[in-house]
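These notes concern the structure reproduced below.
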Amino acid sequence: MSVGMSSAPLDIIAPDEASMVACGAQLAAACEPGLVVFLQGELGMGKTTLSRGFMLALGHSGAVKSPTYTLVEPYRLAELQVYHFDLYRLGDPLELEFMGIRDYFTEESICLVEWPQRGTGVLPPADLVINIEREGLGRRLTLRAATALGSTVVTRMRASPPTA
Ligand SMILES: Nc1ncnc2c1ncn2[C@@H]1O[C@H](COP(=O)(O)OP(=O)(O)O)[C@@H](O)[C@H]1O
Ligand SMILES: [Mg+2]
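With positions in the sequence shown counted from 1, the corresponding number in the numbering used here is that position plus 1010.
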């Protein structure tokens, strides 16, 4: 990683579901077209909840569920194209080639990816990796930038703590 991309990790405590939704909204406010976010953490850690907060903040009004069986759910939101992936049930990373993965990861689109490690070798690299783990009854989010774009987003998140 070159100098300038290396912002320190940002830890955020989300004590309950509502604050997880608020974190998603905060991420939406900080993000840029082209951003690729990996959402890491065990089942039930709140990856989909964070994604829901993200979509709601961008004007989505329906449900947001993990696209466990379809692998990807597209959201056309305001000026943004967002793709929400859940690769939990991906058998082989090569399936991503067959679904034309490169068409989703463009300079205009934003990709949120649950279970990115299932797509190792085929999935494009992340700009931002968010690890979620248990913290008491709530969750701790650790945001790590992997590119200059990711670093920009982390810097914005640091400057605007969640309100919930
Ligand atoms: N920050 C939080 N604190 C406590 N519970 C949470 C938090 N975020 C989400 N949850 C709860 O965790 C459960 C699983 O959330 P979900 O988003 O489906 O997890 P994942 O997509 O990581 O499997 C839900 O019941 C949700 O309400
Ligand atoms: Mg999920």
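Beta carbons are placed, not taken as given, at the ideal position from N, Cα and C, and that holds for glycine.
Please read these numbers as outputs of a predicted model, since none were measured by experiment.
Could you give the first and the last residue of the continuous alpha helix (DSSP H) run that contains residue i?
i       : result
Thr1059 : Lys1057 to Ala1067
Gln1036 : Glu1027 to Ala1040
Between the C-alpha atoms of residue i and residue j, what's the straight-line distance to the nearest angstrom?
i       : j       : result
Leu1037 : Lys1075 : 18 Å
Met1055 : Tyr1093 : 20 Å
Tyr1199 : Pro1084 : A query on residue 1199 cannot be resolved here, the shown segment of the chain reaching from 1011 to 1174 and no further.
Leu1087 : Met1065 : 8 Å
Ala1136 : Pro1077 : 19 Å
Leu1090 : Gly1146 : 35 Å
Pro1062 : Ala1039 : Looking at the sequence itself, residue 1062 is Arg, so the reference to Pro does not match. Roughly 14 Å separates the two Cα atoms.
Could you please give the first and the last residue of the uninterrupted beta strand (DSSP E) stretch that includes residue i?
i       : result
Cys1121 : Ser1119 to Glu1124
Arg1086 : Val1082 to Leu1087
Ala1155 : Gly1148 to Ala1155
Phe1095 : Leu1090 to Asp1096
Given that a residue counts as buried once 16 or more other Cβ atoms are within 10 Å of its Cβ, and exposed if not, what is residue i?
i       : result
Asp1026 : exposed
Thr1165 : exposed
Phe1108 : exposed
Task: Inter-stretch contact at 8 Å, needing at least 3 Cβ pairs: the segment 1157–1168 / the segment 1114–1133 - done: no
TODO: May I have all residues whose beta carbon comes closer than 7 Å to any heavy atom of ligand 2, sorted in chain order?
DONE: Lys1057, Thr1058, Ser1076, Asp1096 and Glu1124
Task: Any 3 or more C-beta pairs closer than 8 Å across the segment 1110–1120 and the segment 1017–1028 - done: Because the criterion of three Cβ pairs below 8 Å is not met, the segment 1110–1120 and the segment 1017–1028 do not touch.
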